Amino acid sequence: MDLKKAIILCAGFGKRVLPLTKTLPKPLLKVNQVPLIEYSIRILKELGIEEIAVNVHHLKDKIIEYLDTYHPNIKIFNEEIILDTGGALVNAKSFLSEDYFVILNSDTIWQKNYIPFMKSLIHKTIENNFNAGLLLARKENSFDENLNPDFSLNDNLLVDKKDHIYTGFQIMRSNLLEKRKLEPFSVKKIWDDLIIEKKITGEVFEETFYHTTDFQIYNKLKKINIIF
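Sequential numbering of the sequence shown, starting at 0, is according to numbering that gives the first Met the number 0.
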């Protein structure tokens with residue numbers, strides 16, 4: 000099954016990288032002269048996903064201007080009030096109408112060497128009829144050594160035991176959004192339900208995980224040579 004649609008989450012306030020995000024939204028901060036959002040767009044295109052949406056709120060006009068200039072075909076979902084990661088998906092469910100779609104956080108610096116693990120996750124999720132799947136990183140592979148683990152895997156099932164870090168890449172079934180109200184809520188609520196139902200899986204990748212966690216980590220990332 001070829002996935003066709005994805006959404007990049009771009010609405011957050013970026014409080015942990017203040018004062019930079021007083022005037023520039025976090026997705027437009029640059030590493031190696033490349034805006035963070037561009038890493039997300041590039042990796043999706045490498046995966047063959049051309050129908051892309053983003054959600055916007057904080058300093059939205061700057062993100063919209065960037066996309067209008069460089070990626071005019073990307074669909075934009077404006078949030079008058081910030082809807083968090085789950086509400087953002089409900090707000091965009093008219094676009095996310097395929098059986099499965101991809102969700103990306105825009106503050107991970109996505110690399111080409113992640114692609115085999117992404118494809119493996121997509122295949123595992125769909126072929127085994129899971130409702131969602133998360134791409135995970137080993138804590139020892141995180142550039143930010145202070146990031147705390149989120150989940151673990153047990154017989155290909157995502158569990159609450161905290162061994163691995165969620166990278167910000169996931170695949171999800173669109174029917175999970177059908178009965179959700181349009182209100183602010185975290186996507187973690189969906190994950191929690193799926194963990195209980197044993198309908199969510201994961202894939203652990205073996206590469207370095209680059210995440211722009213905060214102001215200090217962002218400044219460190221700018222000093223290393225990261226090439227897509």
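Ideal placement from N, C-alpha and C gives every residue a C-beta, glycine not left out.
None of these values were measured; they are calculated from a predicted model.
{"Query": "Under 9 Å between C-beta atoms of glutamate 206 and glutamine 110", "Result": "yes"}
{"Query": "Inter-residue CB distance, serine 105 and serine 173 (contact presumed, cutoff 8 Å)", "Result": "Going by Cβ atoms, the distance from serine 105 to serine 173 rounds to 21 Å, so no, they are not a contact pair."}
{"Query": "First through last residue of the beta strand (DSSP E) which encompasses arginine 172", "Result": "156-172"}
{"Query": "Status (buried if at least 16 other CB within 10 Å, exposed otherwise) for glycine 167", "Result": "buried"}
{"Query": "Secondary structure of tyrosine 209, DSSP reduced to three states", "Result": "coil"}
{"Query": "Span separating the alpha-carbon of phenylalanine 214 from that of aspartate 191", "Result": "30 Å"}
{"Query": "With 16 other Cβ atoms within 10 Å as the buried cut-off, status of glycine 47", "Result": "exposed"}
{"Query": "Between the CA atoms of tyrosine 217 and valine 16 - distance to the nearest angstrom", "Result": "8 Å"}
{"Query": "Short Cβ contact (9 Å threshold) for isoleucine 6 with isoleucine 51", "Result": "yes"}
{"Query": "Where phenylalanine 12 sits in the DSSP three-state scheme", "Result": "coil"}
{"Query": "Buried or exposed by the 16-neighbour rule on C-beta atoms within 10 Å, applied to tyrosine 113", "Result": "buried"}
{"Query": "Simplified DSSP assignment, three categories, for valine 89", "Result": "helix"}
{"Query": "Straight-line gap, leucine 135 to tyrosine 165 (C-alpha atoms, nearest Å)", "Result": "5 Å"}
{"Query": "Residue range of the beta strand (DSSP E) that includes arginine 137", "Result": "131-137"}
{"Query": "Reference isoleucine 223, options Gly86, Pro148, Glu202 and Phe142, closest by Cα", "Result": "Phe142"}
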